[in-house]
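One structure is given below, encoded as C-alpha cells.
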Amino acid sequence: MQTPPDEPQAQLRWLVDRAQISDVLVEYARCADAADWSGIGELFTEDGQAVFAARSFPGRKFGDAAGPVMALFCGTHHLSTNHAIKIDGDRAKTRSYLQAIHLTDPDDNTQHHDVGGWYDNELVRTPDGWRLTRVELSFVWTAGVAWPTQR
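Counting the sequence shown from 1 gives a position; our numbering is that position plus 3.
Structure below.
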C-alpha cells in the first residue's frame, strides 16, 4: 500500500490521480462489455501493449486481437475491482481484480463461461490524461460452460 504525501496540495494531486487512474480501469471494462474497441484503444498510449496468455499486441489495435474472440459471446459483464494504485510522478502501476462473465447462448442467460484473475497495468500521465502503456491479464480460475469455438 502506498503512503499518501504529507503536504495538502500533494495529497490533493495524489487523490485526483488515483481517481483518474481508477476511471481508466473502469472505462476499460465498460468498453469491453460494449465491444467499443476504439474506446479501449484510446485508453492506450501510441506504443502501449496488451499481454494476454503470453501473447502481446498493440493496445491501440485491441479490437483487431480481442474483437473476433469476444464475438463468440452474445454478451459479457466485466467487473474491475480492488484497484491497488502506486503512483511515481507521471507514471503509475496498478493491480486490479477481474471477474468476467461471457454469455454463450442468446436464448439462455444461465449459460456462461466465467473467468477470474487480475490485471497488472502500467500507466503514464499524458496531456490527454492517464493512459495505459501496458496491460497484462493473468487468469486464476474459470467456471461455467466450456469456452465456445464458434457462435
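Ideal placement from N, C-alpha and C gives every residue a C-beta, glycine not left out. If you're wondering where the values come from, they're calculated on a predicted model, not measured in any experiment.
When the Cα of residue i is compared with those of the options, which residue comes out closest?
{"i": "residue 99", "options": "57, 64, 32, 78", "result": "32"}
{"i": "residue 83", "options": "6, 127, 25", "result": "25"}
{"i": "residue 57", "options": "145, 139, 153", "result": "139"}
{"i": "residue 129", "options": "4, 20, 106", "result": "20"}
{"i": "residue 150", "options": "114, 50, 121, 143", "result": "114"}
{"i": "residue 102", "options": "16, 146, 30, 53", "result": "146"}
{"i": "residue 106", "options": "95, 118, 89, 97", "result": "118"}
{"i": "residue 54", "options": "69, 42, 80, 81", "result": "69"}
{"i": "residue 79", "options": "92, 89, 108, 86", "result": "108"}
{"i": "residue 141", "options": "153, 123, 152, 148", "result": "123"}
{"i": "residue 37", "options": "60, 9, 66", "result": "66"}
{"i": "residue 93", "options": "121, 116, 126", "result": "126"}
{"i": "residue 17", "options": "30, 71, 91", "result": "91"}
{"i": "residue 97", "options": "27, 112, 110, 71", "result": "27"}
{"i": "residue 111", "options": "95, 77, 87", "result": "77"}
{"i": "residue 59", "options": "14, 74, 137", "result": "137"}
{"i": "residue 8", "options": "89, 52, 152", "result": "89"}
{"i": "residue 85", "options": "72, 29, 51, 10", "result": "29"}
{"i": "residue 87", "options": "22, 75, 14", "result": "22"}
{"i": "residue 74", "options": "64, 42, 35", "result": "35"}
Is residue i close to chain C, meaning its C-beta is less than 8 Å from at least one C-beta of that chain?
{"i": "residue 88", "result": "Here there is only one protein chain, and chain C is not present."}
Per DSSP, which residues does residue i bridge with? Please list them.
{"i": "residue 2", "result": "Missing from the structure shown is residue 2; the chain here goes from 4 to 154 and no further."}
{"i": "residue 94", "result": "91, 127"}
- Message: Going residue by residue through the region 106–147, where are the continuous alpha helix (DSSP H) segments of at least 4 residues, counting only ones entirely within it?
- Response: none
- Segment contact flag, the region 36–48 with the region 133–149, C-beta cutoff 8 Å, min 3 pairs: yes
- Along the chain, which unbroken stretches of the alpha helix (DSSP H) at least 4 residues long are found entirely within the region 24–66? 40–45
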